[in-house]
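Below you'll find the structure, written out as structure tokens, and then a few comments.
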């Protein structure tokens, strides 16, 4: 097992990528701490326990530093010091062009997606430094490097995660800690599956693999980065997108792309 005896904390673990990561980590031998704003994170903990692995769930908002301290403290009391942190919590419900995006919506998305990761790193890194071993994996997005129509806050927050990852590497590598980012493309999460069919099909058409990724595929990469086998991978931003990053098309609709590329008379 890749993670036998390790204590892992995963944020945004109630569903989607976070739940898949929790399951794979448990299958690889880890004790799993789970955090989310949604009480359904308790169901993830129950599923992990059913696999015969220690699990502890805590409900808190990653954007609130005081709540993070309390939540991490609760998990530490139940499982021990966190050795692997997966910053997966994020929101993607702020959809508006820049001229119409509200400041409150912008600030909320940045505070959850970017500041939340910073809060968690601060809360767990002390014992990692003392132990001279740790793994931090930040879940960014292909939007970090290519932008996303009508989602400036999301793209900016995910780009910020890459800068946070690289800076954490510069500061922490000497202490035996790695910090890497993974950049998922179109993954078959609940939110993606609920997209209007036309939009989902148009998006999938821009992926060379011509399919959605699976949440467990993201989880396998994260589990590898958390293991001893990835000890010399540090400060990396790794796409896992079926080749989407090679495509020059953005996630606009087919109609938008066709209109932009139609020859002018």
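Residue numbers (our numbering): -13 to 251.
Each residue gets a CB set at the ideal place from its N, CA and C atoms; glycine is no exception.
Small disclaimer: the values here were computed from a predicted structure and weren't measured.
Over the uninterrupted beta strand (DSSP E) stretch that includes residue i, give me the two end residues.
i	result
residue 225	223 to 226
residue 71	70 to 73
Could you spell out where the alpha helix (DSSP H) holding residue i opens and where it closes?
i	result
residue 219	No alpha helix (DSSP H) contains residue 219, which DSSP labels as neither H nor E.
residue 54	51 to 65
residue 202	201 to 211
residue 186	183 to 190
Taking the beta carbon of residue i as the centre, do at least 16 other beta carbons fall within 10 Å, making it buried, or is it exposed?
i	result
residue 74	buried
residue 247	At residue 247, the pLDDT of 45 sits below 50, so the modelled position is not reliable and the matter cannot be decided from this model.
residue -8	buried
residue 105	buried
residue 176	exposed
residue -6	buried
residue 79	exposed
Tell whether a beta-carbon distance below 8 Å holds between residue i and residue j.
i	j	result
residue 197	residue 10	no
residue 124	residue 164	no
residue 27	residue 45	yes
residue 131	residue 231	yes
residue 211	residue 94	no
residue 39	residue 18	yes
residue -2	residue 59	no
residue 213	residue -11	yes
residue 173	residue 3	yes
residue 62	residue 70	no
residue 49	residue 111	no
residue 41	residue 31	yes
Contact check, residue i vs residue j under 8 Å by CB: the rounded distance?
i	j	result
residue 92	residue 139	5 Å
residue 154	residue 144	So it is not a contact: roughly 16 Å between Cβ atoms.
residue 194	residue 229	4 Å
Is the beta carbon of residue i within less than 7 Å of some heavy atom of the ligand NAD?
i	result
residue 108	Absence of the ligand NAD from the depicted structure is noted, as is the absence of any ligand whatsoever, leaving it without description.
Original post:
Where are the beta strand (DSSP E) runs, 3 residues long or more, that stay fully inside the stretch 108 to 175, in chain order?
Top reply: 120 to 125 and 163 to 170
**OP:** Please go through the stretch 80 to 107 and give each complete beta strand (DSSP E) segment of 3 or more residues, from N-terminal end onward.
**Re:** Listed in chain order, nothing qualifies, since the stretch 80 to 107 has no complete beta strand (DSSP E) run of 3 or more residues.
**OP:** Write down every uninterrupted run of the beta strand (DSSP E) in the stretch -3 to 50 whose length is 3 residues or greater and which is fully enclosed by it, in chain order.
**Re:** Within the stretch -3 to 50, the complete beta strand (DSSP E) runs of at least 3 residues are 17 to 22 and 41 to 45.
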